[in-house]
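Structure first, commentary second.
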DNA sequence: GTCTATAAATAGATAGAC
DNA sequence: GTCTATCTATTTATAGAC
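Here it is as structure tokens:
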């Protein structure tokens with residue numbers, strides 16, 4: 001049921017999805033939504049939290065592994081691609097929430113978002129400490145890593161709309177190619193310059 | 195008046211902004227909106243088109259200049275940062291429209307979006323032809339270039355929400371630093387590997 | 001061209017039976 | 001826990017005076 005609601009919110013946003021519609025795709029009555037959640041906002045928050053919890057746990061485990069930092073960075077990126085594969089609504093919902101400035105994010109959700117960033121930052125900083133990575137602005141490095149992943153997911157969705165397949169920017173890109181490209185760019189960004 | 199509507203749509207999305215509100219910030223009566231536009235959707239489309247027209251003209255001029263490709267690429271990125279500076283609603287509105295899969299984009303707008311991508315692709319391809327750039331997937335290179343720029347604009351907006359200033363991922367990053375970082379990453383991505 | 005007033009549809013939310 | 005029916009507020013859109 002969360003999946004259905006998440007996909008709908010991801011498609012059309014908080015204001016674009018009615019509680020009626022969520023009830024319909026969840027196969028329950030609208031009154032049931034209000035029996036389980038105080039209001040639409042709380043339902044939305046629970047959907048976003050649920051989604052971010054998984055992402056947080058996963059990338060934190062990657063960051064805490066004892067493998068070399070460059071390898072952990074590659075795994076971090078691969079994990080994002082896999083999550084986007086398994087749950088297509090994840091990147092666009094996250095992207096939309098960011099685009100809105102996150103006015104509906106509660107403190108718990110912010111902590112989860114923070115932990116994803118912290119996992120990334122930890123990998124980069126440990127790579128710098130061992131001399132594998134050069135010095136960079138951590139926030140911008142983070143933007144450079146997940147920005148293209150999120151935007152590409154949006155691009156894929158836009159490509160699925162009717163009458164788009166002929167446009168060159170909407171060509172299909174296999175996720176293996178995507179992951180390889182993103183790993184390469186991230187490592188290029190952090191590599192010590194000769 | 196377009197600016198006011200654009201800023202509102204950028205903040206809260208198509209469904210999040212009422213025609214009443216647009217009329218109010220534009221300082222006119224709601225009936226005036228419907229006198230000038232057939233409906234809310236057409237107004238929205240005109241806002242997006244107007245915004246993209248400027249961007250398209252600007253980056254096309256950069257792509258058509260006769261300077262070396264790496265320099266044109268740097269200018270392309272600097273132009274994006276400047277546009278985001280001058281019109282803060284531009285990146286988030288574009289990002290949101292992408293995140294939604296662009297279901298409201300009309301053919302004219304798609305042509306404009308296409309022309310921005312084409313300008314980028316032209317710079318990269320000409321750089322490849324002269325041996326300055328290595329071979330890459332053009333679409334992914336585009337995602338890697340504008341994705342972080344758009345996401346960072348969203349990050350900046352999110353940072354302006356109350357109670358966010360203490361979170362490490364919401365630290366302020368000067369736009370000069372942003373531009374320099376993005377130019378560096380783009381050139382690293384395209385540089386011929388040793 | 002610009003306004004007031006209002007129609008018509010939709011959305012969030014709740015009451016109350018079972 | 002689950003439903004039907006309904007209330008209330010909001011929203012898109014228009015009619016019609018000036």
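Protein chains in written order, with our numbering: chain F, 1 to 194; chain A, 195 to 388. Just so you know, even glycine gets a beta-carbon here, dropped at the ideal spot from N, CA and C. Since the model is a prediction, treat every value here as computed from it, not as a measurement.
For a contact meaning CB atoms closer than 8 Å, what does residue 137 of chain F contact in chain A?
The contacting residues are 367, 371 and 375.
Identify each residue in the stretch 303–316 of chain A for which the Cβ-Cβ distance to at least one residue of chain F is less than 8 Å, and report them in chain order.
Within the stretch 303–316 of chain A, those residues whose Cβ lies closer than 8 Å to any Cβ of chain F are, in chain order, 304, 307, 308, 311, 312 and 315.
With three or more C-beta pairs closer than 8 Å as the rule, is the stretch 246–259 of chain A touching the stretch 226–233 of chain A?
In short, these stretches do not touch, since the Cβ pair count stays below three.
Contacts around residue 338 of chain A, its chain only, beta-carbon distance under 7 Å, and the 5 residues preceding and following it disregarded:
Residues of the same chain with a CB within less than 7 Å of the CB of residue 338 of chain A, apart from the 5 flanking positions on each side, are 383 in chain order.
Residues of its chain near residue 120 of chain F, where Cβ-Cβ distance is below 6 Å and the 5 sequence neighbours each way are ignored:
If we look at residue 120 of chain F and ignore the five residues flanking it on each side, its Cβ neighbours are 142.
Where the alpha helix (DSSP H) containing residue 43 of chain F begins and where it ends
Counting along the chain, residue 43 of chain F sits inside the alpha helix (DSSP H) bounded by residues 40–64.
Assuming residue 186 of chain F contacts residue 122 of chain F (C-beta within less than 8 Å), just tell me the rounded distance between them.
Not really, about 15 Å apart at Cβ, beyond 8 Å.
Excluding five sequence neighbours on each side, which residues of the same chain lie with their C-beta closer than 7 Å to the C-beta of residue 220 of chain A?
Once the five neighbours on either side are set aside, the close Cβ partners of residue 220 of chain A are 195, 198 and 199.
Cutoff 8 Å: residue 355 of chain A Cβ touching any chain F Cβ
Yes - at least one Cβ of chain F is within 8 Å of the one on residue 355 of chain A.
Mapping DSSP to helix, strand and coil, what is residue 338 of chain A?
Per DSSP, reduced to three states, the secondary structure at residue 338 of chain A is helical.
So what's residue 327 of chain A in DSSP terms, helix, strand or just coil?
Reduced to three states, the DSSP call for residue 327 of chain A is coil.
What's the C-alpha gap between residue 366 of chain A and residue 359 of chain A?
Straight-line Cα distance between these residues: approximately 9 Å.
Quick one: which chain F residues come within Cβ less than 7 Å of residue 383 of chain A?
At a beta-carbon threshold of 7 Å, the residues of chain F lying near residue 383 of chain A are 185 and 188, ordered along the chain.
Taking Cβ-Cβ distances shorter than 7 Å, what residues in chain F pair up with residue 249 of chain A?
Residues of chain F passing the Cβ test: none, with the nearest at roughly 14 Å.
So, do the stretch 298–309 of chain A and the stretch 367–376 of chain A have three or more beta carbon pairs nearer to each other than 8 Å?
As far as the Cβ criterion goes, the stretch 298–309 of chain A does not touch the stretch 367–376 of chain A, which means the pair count is below three.
Measuring straight from C-alpha to C-alpha, what distance separates residue 65 of chain F and residue 174 of chain F?
Counting only the Cα atoms, residue 174 of chain F lies some 28 Å from residue 65 of chain F.
Throw me the rounded Cβ distance for the residue 284 of chain A and residue 293 of chain A pair, which I believe falls under 8 Å.
That belief does not hold up - the Cβ atoms of residue 284 of chain A and residue 293 of chain A are roughly 15 Å apart, past 8 Å.
Consult DSSP for residue 387 of chain A and reduce its assignment to one of helix, strand or coil.
Three-state result, residue 387 of chain A: coil.
Rounded to a whole number of angstroms, what is the C-alpha to C-alpha distance between residue 106 of chain F and residue 45 of chain F?
Taking the straight line joining both Cα atoms gives about 7 Å.
If we call anything under 8 Å between Cβ atoms a contact, is residue 216 of chain A one with residue 225 of chain A?
Contact flag unset, no.
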